[in-house]
Amino acid sequence: MKFSELGLSDHLLTAINNSGFEEATPIQAETIPMVLKGEDVIGQAQTGTGKTAAFGLPILQKIDFDNPNVQALIISPTRELAIQTQEEIYRLGKDEKAKVQVVYGGADIRRQINALKGHPQIVVGTPGRILDHIRRHTLKLEHVKTLVLDEADEMLNMGFLDDIEDIIKQTPKERQTLLFSATMPAQIKRVGVQFMRDPHQVTIKAKELTTDLIDQYYVRVKEYEKFDTMTRFFDVQDPEVTIVFCRTKRRVDEVSKGLQARGYKAAGLHGDLTQARRTQIMQEFKAAKIDILVATDVAARGIDISGVTHVYNYDIPQDPDGYVHRVGRTGRAGKHGVSITFATPNEMDYLREIEKLTKVRMLPLKPPTIQEAFVGQLNSAESDIADLIKKTNTDKYEKMADKLLDEYEATDLVAALLNDVTRDNVKVKITPERPLPHHGHGHGGHRNDRRGGGHGGHYKGSKSHRNGDRNNGSRNRGHYEGSNDRKHSDRRSSSNKKRRFTIKNS
Ligand SMILES: Nc1ncnc2c1ncn2[C@@H]1O[C@H](COP(=O)(O)OP(=O)(O)OP(=O)(O)O)[C@@H](O)[C@H]1O
Ligand SMILES: [Mg+2]
1 MKFSELGLSD
11 HLLTAINNSG
21 FEEATPIQAE
31 TIPMVLKGED
41 VIGQAQTGTG
51 KTAAFGLPIL
61 QKIDFDNPNV
71 QALIISPTRE
81 LAIQTQEEIY
91 RLGKDEKAKV
101 QVVYGGADIR
111 RQINALKGHP
121 QIVVGTPGRI
131 LDHIRRHTLK
141 LEHVKTLVLD
151 EADEMLNMGF
161 LDDIEDIIKQ
171 TPKERQTLLF
181 SATMPAQIKR
191 VGVQFMRDPH
201 QVTIKAKELT
211 TDLIDQYYVR
221 VKEYEKFDTM
231 TRFFDVQDPE
241 VTIVFCRTKR
251 RVDEVSKGLQ
261 ARGYKAAGLH
271 GDLTQARRTQ
281 IMQEFKAAKI
291 DILVATDVAA
301 RGIDISGVTH
311 VYNYDIPQDP
321 DGYVHRVGRT
331 GRAGKHGVSI
341 TFATPNEMDY
351 LREIEKLTKV
361 RMLPLKPPTI
371 QEAFVGQLNS
381 AESDIADLIK
391 KTNTDKYEKM
401 ADKLLDEYEA
411 TDLVAALLND
421 VTRDNVKVKI
431 TPERPLPHHG
441 HGHGGHRNDR
451 RGGGHGGHYK
461 GSKSHRNGDR
471 NNGSRNRGHY
481 EGSNDRKHSD
491 RRSSSNKKRR
501 FTIKNS
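Sequential numbering from 1 applies to the sequence shown in the UniProt record's numbering.
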């Protein structure tokens, strides 16, 4: 459907056009008119289908620019996502000079306080820091007209629910409440409905919970073989932009260091890193200085980095919904992606549980042999050499080249150089993690453990851990300072050409 049929202002239509969006996605087409009318909406649609704009655009349209109060509040589970959402809404509302402020833990609170004094109409934030500002009376929510829980099922999950309730209490009863996510388990939705009035449920009818733009594979692999298996896959597939999800922070550190030791451009991201480091890593990943981002679930939800070609689940997610979000970091905005999930023999139950939720059968993949990996390396060396020859100024090296060719057999020479450009298989030892506990059926049981793992903790997350998190300003939810021109500076994004979604509805 055309955006122009949805009742949006000319300012917004210009912004949409400048973003390169050609048509509204199904979730946008259905929810934008409802949100404009002031209705409460639960919006569920697959990852990467534009849910941010689905609530962002009508919110922008409804802003009263003569009213200096905060009129819309958007709550996000991680700093990264809060910042990204702020950027997208700011970009869409720039024409109208909408003021959109982000607040999140781990960043200088005085600067946020000053910014809040500038009367933003829209605030995006993480729960802990929002509450912090409420207590300091630096954020007043009594004029909020629209409240959004993005990644709503996560926000209404045990780990966050108390905070969310405390925040909601500060908003007027007469308000519009919107819940958005790619996953919406029934028992969590029931919790959400309590904060809503006559909500419309919009579920984009798709046969599967995951988008069919992602080819989903699994590999049955022993714990101690995971690392070598993964790098062999890298060598064979030569993946361009990859996210590797691990269960714990220690894992992330070890796997990212192991990859670096083998010559890959990799870096780890988790909640224990300083904010500066996280900022740097996200920027380097976007700028293609890093090819492989190794992360905990802190990067699982909502993060929109264009051009991610592969998602690896080095450790299978404990929670089936978590799987949907992790693999959803690829196959976004109409682009194709691949996901590969490792499962140890006694984690196969988890794989089946995931398939039951997604209704997609993952195809089994056989790990490449050492020989296949080696051939993969040689093939990529071949194309690297083609590039190198194009780039090299032959004249400069001619004399020495002739000398070497006189001295050695050409084959020996090239073989030696190939040996140098292919990867050393440095031995890497990754500390074994306990496999997930055996579980029977029904995936409700371990849901509450999710946040611990979700933010890179040991996977038995606990509430006390989270509260500590809140008091020291969301320690575990770092942030990066992305730039507003992310789309344009990203070498991997498909330029500014019009992008069209092809979402199959059935
Ligand atoms: N109508 C559209 N046409 C083309 N691209 C769009 C459109 N709407 C949004 N996009 C782009 O698609 C990408 C994914 O959007 P967004 O992050 O909002 O997805 P999402 O549905 O919230 O996914 P997730 O469930 O992972 O949070 C973004 O880069 C966004 O700018
Ligand atoms: Mg989103």
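Backbone N, C-alpha and C define an ideal beta-carbon position, used for all residues, glycine too.
The structure displayed is predicted, hence computed values, not measured ones.
Can you find the residues in the same chain that come closer than 8 Å, C-beta to C-beta, to residue 380, ignoring five residues on each side of it along the sequence? Here residue 380 refers to the residue found at position 380 when the sequence shown is read from its first residue. The residues are 235 and 238.
Q. According to DSSP, is residue 267 helix, strand or coil?
A. The residue given as residue 267 occupies position 267 in the sequence shown. DSSP places residue 267 in strand when its eight states are reduced to three.
Is it buried or exposed for residue 145, if we count other Cβ within 10 angstroms and need 16 for buried?
Position 145 of the sequence shown, counted from the start, is the residue given in the question as residue 145. Buried: at least 16 other Cβ atoms inside 10 Å.
ask   = Are there 16 or more other CB atoms within 10 angstroms of the CB of residue 314, so buried, or fewer, so exposed?
value = In the sequence shown, the residue the question calls residue 314 occupies position 314. So residue 314 counts as buried.
| said: Please state whether the Cβ-Cβ distance between residue 93 and residue 60 is less than 8 Å. | reply: In the sequence shown, the residue the question calls residue 93 occupies position 93. In the sequence shown, the residue the question calls residue 60 occupies position 60. The answer is yes: Cβ separation under 8 Å.
Beta-carbon proximity of residue 143 to residue 35, cut-off 8 Å:
One-based indexing of the sequence shown puts residue 143 at position 143. One-based indexing of the sequence shown puts residue 35 at position 35. Not a contact, by the Cβ cut-off of 8 Å.
#### Entry: Inside the segment 10-82 only - alpha helix (DSSP H) runs reaching at least 4 residues
10-18, 26-36 and 51-62
Between the Cα of residue 265 and the Cα atoms of 210, 323, 22 and 293, which residue gives the shortest distance?
In the sequence shown, residue 265 corresponds to position 265, counting from 1. Nearest C-alpha to residue 265: 293.
What number of angstroms, rounded off, separates the C-alpha of residue 296 from the C-alpha of residue 328? As a working mapping, residue 296 is identified with position 296 in the sequence shown. As a working mapping, residue 328 is identified with position 328 in the sequence shown. Rounded to the nearest angstrom, the two C-alpha atoms are 15 Å apart.
In the DSSP assignment, find the unbroken alpha helix (DSSP H) run with residue 351 in it and report its ends. As a working note, residue 351 is residue 351 in the sequence shown. Unbroken alpha helix (DSSP H) run through residue 351: 348-358.
inquiry  = Is it buried or exposed, residue 44, if we count other Cβ atoms within 10 angstroms and call 16 or more buried?
reply    = In the sequence shown, the residue the question calls residue 44 occupies position 44. With 16 or more other Cβ atoms within 10 Å, it is buried.
- prompt: Just checking my contact of residue 164 with residue 158 at CB under 8 Å: how many whole Å lie between their CB atoms?
  reply: Residue 164 sits at position 164 when you count from the first residue of the sequence shown. Residue 158 sits at position 158 when you count from the first residue of the sequence shown. The pair is not a contact, with the Cβ atoms about 11 Å apart (cut-off 8 Å).
Check each candidate in 259, 20, 406 and 298 and name the one with the smallest Cα separation from residue 426. Within the sequence shown, numbered from 1, the residue matching residue 426 stands at position 426. Of the listed residues, the one whose Cα sits closest to residue 426 is 259.
Just how far apart, CA to CA, sit residue 6 and residue 29?
On the sequence shown, position 6 is the one that residue 6 refers to. On the sequence shown, position 29 is the one that residue 29 refers to. Residue 6 and residue 29: Cα-Cα distance of roughly 7 Å.
Any non-hydrogen atom of ligand 1 within 7 Å of residue 51 CB:
Walking along the sequence shown from the start, residue 51 turns up at place 51. For ligand 1, at least one heavy atom lies less than 7 Å from the Cβ of residue 51.
Practice item. Alpha carbon to alpha carbon, how far is residue 39 from residue 207? Give it in angstroms, no decimals. Key: The residue you call residue 207 lines up with position 207 of the sequence shown. The residue you call residue 39 lines up with position 39 of the sequence shown. The alpha-carbon atoms of residue 207 and residue 39 are separated by roughly 27 Å.
Any heavy atom of ligand 2 within a distance shorter than 7 Å of the CB on residue 38? Here residue 38 corresponds to residue number 38 of the sequence shown, with the count starting at 1. Residue 38: no, Cβ never under 7 Å from ligand 2.
Report task. Look at the alpha carbon of residue 97 and the alpha carbon of residue 90, and state the distance between them as a whole number of angstroms. Result -> Position 97 of the sequence shown, counted from the first residue, corresponds to residue 97. Position 90 of the sequence shown, counted from the first residue, corresponds to residue 90. Distance between the alpha carbons of residue 97 and residue 90: 8 Å.
_Buried or exposed, going by whether 16 or more other CB atoms sit within 10 Å of the CB of residue 132?_
For this step, residue 132 is matched to residue 132 along the sequence shown. Buried, since its Cβ has 16 or more Cβ neighbours within 10 Å.
Please classify residue 414: is it buried, with 16 or more other beta-carbons within 10 angstroms of its beta-carbon, or exposed? Translated into positions along the sequence shown, residue 414 becomes position 414. The residue in question, residue 414, is exposed, as its Cβ has fewer than 16 Cβ neighbours within 10 Å.
task = Compute the distance between the beta-carbons of residue 303 and residue 151, then report whether it is under 8 Å.
result = On the sequence shown, position 303 is the one that residue 303 refers to. On the sequence shown, position 151 is the one that residue 151 refers to. Cβ distance not < 8 Å, so residue 303 and residue 151 don't count as in contact.
- Continuous alpha helix (DSSP H) stretch holding residue 292: start and end: Residue mapping note: residue 292 aligns to position 292 of the sequence shown, counting from 1. Careful: residue 292 lies outside any alpha helix (DSSP H), inside the beta strand (DSSP E) at 292-295.
Residue 153 beta carbon near ligand 2 (any heavy atom closer than 7 Å) | On the sequence shown, position 153 is the one that residue 153 refers to. No - ligand 2 has no heavy atom lying nearer than 7 Å to the Cβ of residue 153.
task = Confirm, please, whether the CB-CB distance from residue 232 to residue 386 is below 8 Å.
result = Working through the sequence shown from its first residue, we reach residue 386 at position 386. Working through the sequence shown from its first residue, we reach residue 232 at position 232. Contact flag unset, no.
- Hey, could you find the ends of the alpha helix (DSSP H) residue 312 is sitting in? To locate residue 312, count along the sequence shown from 1; it is residue 312. That residue, residue 312, is in no alpha helix (DSSP H); its beta strand (DSSP E) goes 310-313.
- prompt: Out of curiosity, what's the CA-to-CA distance linking residue 15 and residue 95?
  reply: Taking the first residue of the sequence shown as 1, we reach residue 15 at position 15. Taking the first residue of the sequence shown as 1, we reach residue 95 at position 95. Whole-angstrom Cα-Cα distance: 7 Å.
*Cα separation between residue 354 and residue 219?*
Counting from one through the sequence shown, the residue named residue 354 turns up at place 354. Counting from one through the sequence shown, the residue named residue 219 turns up at place 219. If I take the Cα positions, the gap works out to 14 Å.
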